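Scroll down for the structure; my scribbles are underneath it.
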Amino acid sequence: MTAEMNKETLGFQTEAKQLLHLMIHSLYSNREIFLRELISNASDAIDKLRFAALADESLLEGQGDYRVQVDVDPEAKTISIDDNGIGMNRDEVIEHLGTIAKSGTAAFLQNLSGDQKKDSQLIGQFGVGFYSAFIVANRVEVHTRKAGDDAGAGVLWESHGESEFSVEQRDKVGRGTRVTLYLKEGCEEFADDYRVRSVIKKYSDHISVPVMMLESEPPAAEPEEGAEPAAPQYKAVNEATALWTRSRTEVSDDEYKAFYRHVSHDFDDPLTWSHNRVEGKLEYTSLLYLPKRAPFDLWNRDMARGLKLYVQRTFIMDEAEQFLPMYLRFIKGVVDSNDLPLNVSREILQRDGQVESMRSALTKRALDMLDKLSRQEGDDYAEFWKQFGEVLKEGPAEDFANREKIAKLLRFATTHTDTPVQDQSLEDYVSRMGENQDKIYYVVAENFNTAKNSPHLEVFRKKGIEVLLLSDRIDEWLMGHLQEFDGKPLQDVARGNLELGEESEEEKAEREQLAKQSEGLVERLAKVLESSVAEVRASGRLTDSPACLVVGEQDMGAQMRRIMEAAGQPVPESKPILEVNPHHPLLEMLDQEADEDRFADLASIVFDQAQLAEGGQLEDPAAYVSRLNKLLLTLSGR
-9 MTAEMNKETL GFQTEAKQLL HLMIHSLYSN REIFLRELIS NASDAIDKLR
41 FAALADESLL EGQGDYRVQV DVDPEAKTIS IDDNGIGMNR DEVIEHLGTI
91 AKSGTAAFLQ NLSGDQKKDS QLIGQFGVGF YSAFIVANRV EVHTRKAGDD
141 AGAGVLWESH GESEFSVEQR DKVGRGTRVT LYLKEGCEEF ADDYRVRSVI
191 KKYSDHISVP VMMLESEPPA AEPEEGAEPA APQYKAVNEA TALWTRSRTE
241 VSDDEYKAFY RHVSHDFDDP LTWSHNRVEG KLEYTSLLYL PKRAPFDLWN
291 RDMARGLKLY VQRTFIMDEA EQFLPMYLRF IKGVVDSNDL PLNVSREILQ
341 RDGQVESMRS ALTKRALDML DKLSRQEGDD YAEFWKQFGE VLKEGPAEDF
391 ANREKIAKLL RFATTHTDTP VQDQSLEDYV SRMGENQDKI YYVVAENFNT
441 AKNSPHLEVF RKKGIEVLLL SDRIDEWLMG HLQEFDGKPL QDVARGNLEL
491 GEESEEEKAE REQLAKQSEG LVERLAKVLE SSVAEVRASG RLTDSPACLV
541 VGEQDMGAQM RRIMEAAGQP VPESKPILEV NPHHPLLEML DQEADEDRFA
591 DLASIVFDQA QLAEGGQLED PAAYVSRLNK LLLTLSGR
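Sequential numbering of the sequence shown, starting at -9, is according to this note's numbering.
See below:
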């Protein structure tokens, strides 16, 4: 078959065309990142071969020395990155190089801000690192062969970064992949030996595979006449030592940050990290990182997550999710065990007792890392909470053993500051509790303003008692599993009977007198509203509002009910309790109303307003408007 017959030209998907156009025309602020990405991809390909060769040693083809080789040609204006990793066959080339970032491309494009520097930092985050080659190249060739295939099964992929690419069969003796970039005008610096070496040292010094370049020193002596010229001599540019195997005292902050960018494909520095070696019954090393920014698919619970797993420095898998719980899915890093078998599989990991012990210890280490960050000065923990706070709130339900540790890390808005910023801890709240206060109070609402202005807070403001203002979608579910902190129960101010510590004799007498004086009004309201409420009672929690709705002690809260209904889930039937403030002028007017029809209209208005005040939706808004209009016309004398 001739090259022409076997050559196939294919088109990129629409989103890929947009992305390639962006790469070529926009992202110039950090051009050198392309080399970091391509070397990182080459390192990953070698890691995959190492793992595959555990089961089939023939894939090594008699050559087990792994390396990445970088060649520059100033005259041809090219740079090549060559690895002897797993390689690709024709179908894999089309799948991986013709469909950019798969599910991530649309989200990548949506997140572009127009700021070149910020946009370039998204490249690694969205898995489009290979295409950063087009920042500096107007043509890219990928010559590859999958390990174990015949030399004739090599594939050449080529593209100018426009609307299409070509694929053809091309013999390749060695396994692996060679990526050749034909540099654009103005990008010739990346065909310069010294410049490329400095970039490799900057970004890839930490990876465990050697990155080789042609030795630049002249030969020691001229070859003898008639002798074969000496073979080119290559030398490692990087340290080529697994960073996590080194002592913490030997690793600089810059090296830790560079390694983070390698394992996470993130271009921001991490907020913090924790490097630890465990010796004893279990022996393993872990290096955990806390990112600055949430990935685009953080809320996709099916996303790839977990630590890079190594066993005795041999790469096993990329996303070993068994070592950290779901609520810590934002943690990046590596774990290297001396105890797990080299042929470990995901199935073995799921039922291995050693893995459970490591998971427990790594979870505690991650939480300790967060606790340490929370106690440091500066805004780092506030930034973490802004990005990942809602995910951490999943913790108390998923991890009972560490519930108290997680609770100390949670942050909330409260009436102490009356701002939507979630910066108050439960420890802060407890430190401000009054002498006779024995509970931590909170209110849950659809948004911050609804929570802040909830009528349920009136008596708390009057008595100077702080209340947590909760408005995240997960908050009611969180509180259902947290229940207490530091031995103090958490109390929803909109649920059940409200108790604010011990009552004075004067307060008790006042409450009993209020209940007795309002018996007639309560009975009339209960009769009119019997289809809408479970009970009507005089309120001890209202000072300014006419009424509020209270959830029964065992009933589902309004926020959780709305979430389940929106998701199409069945919700148990229940009716709220209507608490009224008999001292409010509207209720005093109601109590004096003799016309039963007019009383019924006013009672319905009071009930509907109580629903609206808590962020609820009316079943019949038109009926509410009609009653309100009728009342306004009556008041105007018409």
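C-beta: ideal position from N, C-alpha, C; glycine also.
None of these values were measured; they are calculated from a predicted model.
Identify, in the order they occur along the chain, each residue of the same chain with its Cβ nearer than 6 Å to the Cβ of L25, setting aside the five sequence neighbours on each side.
As a position in the sequence shown, residue 25 is number 35, starting the count at 1. If we look at L25 and ignore the five residues flanking it on each side, its Cβ neighbours are V189.
Near H86, what residues of its chain come up, given a Cβ to Cβ distance below 7 Å and the 5 sequence neighbours on each side ignored? Start at 1 with the first residue of the sequence shown, and residue 86 comes out as number 96. Around H86: M78.
_Spatial neighbours of Q344 within its chain, please: C-beta separation below 7 Å, excluding the five flanking residues on both sides._
Within the sequence shown, residue 344 is the residue found at index 354, counting from 1. Answer for Q344: L272, D329, L330, listed in chain order.
Problem - Selection from S522, G530, G379 that minimises the alpha carbon distance to K452 - result: As a first step, residue 452 must be located in the sequence shown, where it is residue number 462. Closest option to K452, Cα to Cα, is G530.
Top-ranked residue by Cα proximity to H150, from D140, G166, K162, K174
Start at 1 with the first residue of the sequence shown, and residue 150 comes out as number 160. Nearest C-alpha to H150: K174.
So the candidates are G296, A548, V227, D287; which of them puts its Cα closest to the Cα of V253?
For the purposes of this step, residue 253 is taken as residue 263 along the sequence shown, with counting starting at 1. Cα-wise, what sits closest to V253 is G296.
**Study point:** N571, DSSP secondary structure in three states
**Key:** Counted from its first residue, the sequence shown places residue 571 at position 581. Coil.
Does the distance from the C-beta atom of E604 to that of L539 stay below 9 Å? One-based indexing of the sequence shown puts residue 604 at position 614. One-based indexing of the sequence shown puts residue 539 at position 549. Contact flag set, yes.
message: Pull the bridge partners of Y274 from the DSSP assignment, please.
response: By 1-based counting over the sequence shown, the position of residue 274 is 284. Note: Y274 sits in a beta bridge opposite V268, S327.
Is it the case that the Cβ atoms of V201 and V420 are separated by a distance below 9 Å?
Along the sequence shown, read from residue 1 onward, the residue named residue 201 stands at position 211. Along the sequence shown, read from residue 1 onward, the residue named residue 420 stands at position 430. Going by C-beta atoms, V201 is not nearer than 9 Å to V420.
Near E543, what residues of its chain come up, given a Cβ to Cβ distance below 6 Å and the 5 sequence neighbours on each side ignored?
-> Numbered from its first residue, the sequence shown carries residue 543 at position 553. The answer, listed in chain order, is G486.
Worksheet entry | Whether L352 touches L382 by CB criterion (9 Å) | As a first step, residue 352 is located in the sequence shown; it is residue number 362 there, counting from the start. As a first step, residue 382 is located in the sequence shown; it is residue number 392 there, counting from the start. No; because the gap between Cβ atoms is not below 9 Å, this pair is not in contact.
Assuming V457 contacts V483 (C-beta within less than 8 Å), just tell me the rounded distance between them. Here residue 457 is taken as the residue at index 467 of the sequence shown, counted from 1. Here residue 483 is taken as the residue at index 493 of the sequence shown, counted from 1. That belief holds up - the Cβ atoms of V457 and V483 are roughly 6 Å apart, short of 8 Å.
One question on the structure: do L39 and A137 come within less than 9 Å of each other, judged by their Cβ atoms?
Translated into the one-based positions of the sequence shown, residue 39 becomes position 49. Translated into the one-based positions of the sequence shown, residue 137 becomes position 147. Yes, these two residues count as a Cβ contact at 9 Å.
Only counting runs of 4 or more residues, tell me where the alpha helix (DSSP H) segments fall wholly within the segment 527 to 609, in order along the chain.
-> Complete alpha helix (DSSP H) runs here, min 4: 548 to 556, 575 to 582, 586 to 603.
* To do: Return helix, strand or coil for F450, following the three-state DSSP convention.
  => Within the sequence shown, residue 450 is the residue found at index 460, counting from 1. When secondary structure is reduced to three states using DSSP, F450 falls in the helix class.
Option nearest D73 by Cα separation, candidates V58, V541, E380
Working through the sequence shown from its first residue, we reach residue 73 at position 83. It is V58 whose Cα lies nearest to the Cα of D73.
Next on the checklist: Could you compute how far the alpha carbon of V325 sits from the alpha carbon of T239?
Outcome noted: Your numbering for residue 325 matches position 335 in the sequence shown. Your numbering for residue 239 matches position 249 in the sequence shown. Looking at the two C-alpha atoms, the distance is approximately 19 Å.
For G298, count neighbouring Cβ atoms within 10 angstroms of its own Cβ and tell me buried if that reaches 16, exposed if not. Here residue 298 corresponds to residue number 308 of the sequence shown, with the count starting at 1. Note that residue 298 is Lys in the sequence shown, not Gly. The residue in question, K298, is buried, as its Cβ has 16 or more Cβ neighbours within 10 Å.
*Under 8 Å by Cβ, that's how I've got D182 and P64 pegged, so tell me the actual separation to the nearest angstrom.*
Your numbering for residue 182 matches position 192 in the sequence shown. Your numbering for residue 64 matches position 74 in the sequence shown. Contact holds; Cβ gap of about 6 Å.
So what does H133 bridge to, in DSSP terms? In the sequence shown, the residue the question calls residue 133 occupies position 143. DSSP, once it has assigned bridges, lists L146, R168 as partnering H133.
_Given this structure, state the Cα-to-Cα distance separating P611 from K395, to the nearest angstrom._
Start at 1 with the first residue of the sequence shown, and residue 611 comes out as number 621. Start at 1 with the first residue of the sequence shown, and residue 395 comes out as number 405. Going from the Cα of P611 to the Cα of K395 covers about 45 Å.
(Q) Assuming I464 is part of the alpha helix (DSSP H), what are its boundary residues? (A) Locating residue 464 in the sequence shown gives position 474, where the first residue counts as 1. It is not in any alpha helix (DSSP H) - I464 carries neither H nor E in the DSSP assignment.
Beta carbon of L532, beta carbon of V449: below 9 Å? Your numbering for residue 532 matches position 542 in the sequence shown. Your numbering for residue 449 matches position 459 in the sequence shown. In contact: L532 and V449 (Cβ atoms closer than 9 Å).
In angstroms with no decimal places, state the Cα-to-Cα distance between Q427 and L400. If you number the sequence shown from 1, residue 427 lands on position 437. If you number the sequence shown from 1, residue 400 lands on position 410. So the alpha carbons of these two residues sit roughly 21 Å apart.
TODO: Tell me, to the nearest whole angstrom, how far the beta carbon of L515 is from that of L568; I am working on the premise that it is less than 8 Å.
DONE: Translated into positions along the sequence shown, residue 515 becomes position 525. Translated into positions along the sequence shown, residue 568 becomes position 578. The Cβ separation is near 7 Å, so the contact holds.
- Message: Within 10 Å of its beta-carbon, does V163 have 16 or more other beta-carbons around it, so buried, or fewer, so exposed?
- Response: The residue labelled residue 163 in the question sits at position 173 within the sequence shown. Exposed.
Find the nearest neighbour of E380 within the set V561, F475, L318, judged by alpha-carbon distance.
Position 390 of the sequence shown, counted from the start, is the residue given in the question as residue 380. Comparing Cα positions, the closest option is L318.
Q) If you draw a straight line from the C-alpha of D476 to the C-alpha of E417, how long is it? A) As a working note, residue 476 is residue 486 in the sequence shown. As a working note, residue 417 is residue 427 in the sequence shown. C-alpha separation (whole angstroms): 8 Å.
*asked:* Using C-beta distances below 7 Å, list every residue in its chain close to K(-3), excluding the 5 sequence neighbours before and after it, in chain order.
replied: Position 7 of the sequence shown, counted from the first residue, corresponds to residue -3. Cβ within range, chain order: S156, E158.
Review point. So, using beta-carbon positions, are L622 and V596 closer together than 9 Å?
Key: Within the sequence shown, residue 622 is the residue found at index 632, counting from 1. Within the sequence shown, residue 596 is the residue found at index 606, counting from 1. Not a contact, by the Cβ cut-off of 9 Å.
request  = Quickly, what does DSSP pair S70 with across the bridge? List them, please.
outcome  = The residue given as residue 70 occupies position 80 in the sequence shown. Paired residues: D61, T170.
For the alpha helix (DSSP H) that T231 lies in, which residues bound it at each end? Within the sequence shown, residue 231 is the residue found at index 241, counting from 1. Element bounds for T231: n/a, residue is neither H nor E.
**Prompt:** R236 to R355, Cα distance in whole Å?
**Reply:** As a working note, residue 236 is residue 246 in the sequence shown. As a working note, residue 355 is residue 365 in the sequence shown. Cα to Cα, R236 sits roughly 19 Å from R355.
Practice problem: Write down the C-beta distance between V301 and V186 rounded to the nearest angstrom, noting that I regard them as a contact closer than 8 Å. | Solution: Numbered from 1 along the sequence shown, position 311 holds the residue referred to as residue 301. Numbered from 1 along the sequence shown, position 196 holds the residue referred to as residue 186. About 33 Å separates the two Cβ atoms, so there is no contact after all.
| query | So is A600 in contact with chain D if we call contact Cβ pairs under 9 Å? | reply | Reference to chain D is not applicable here, since this structure consists of a single protein chain.
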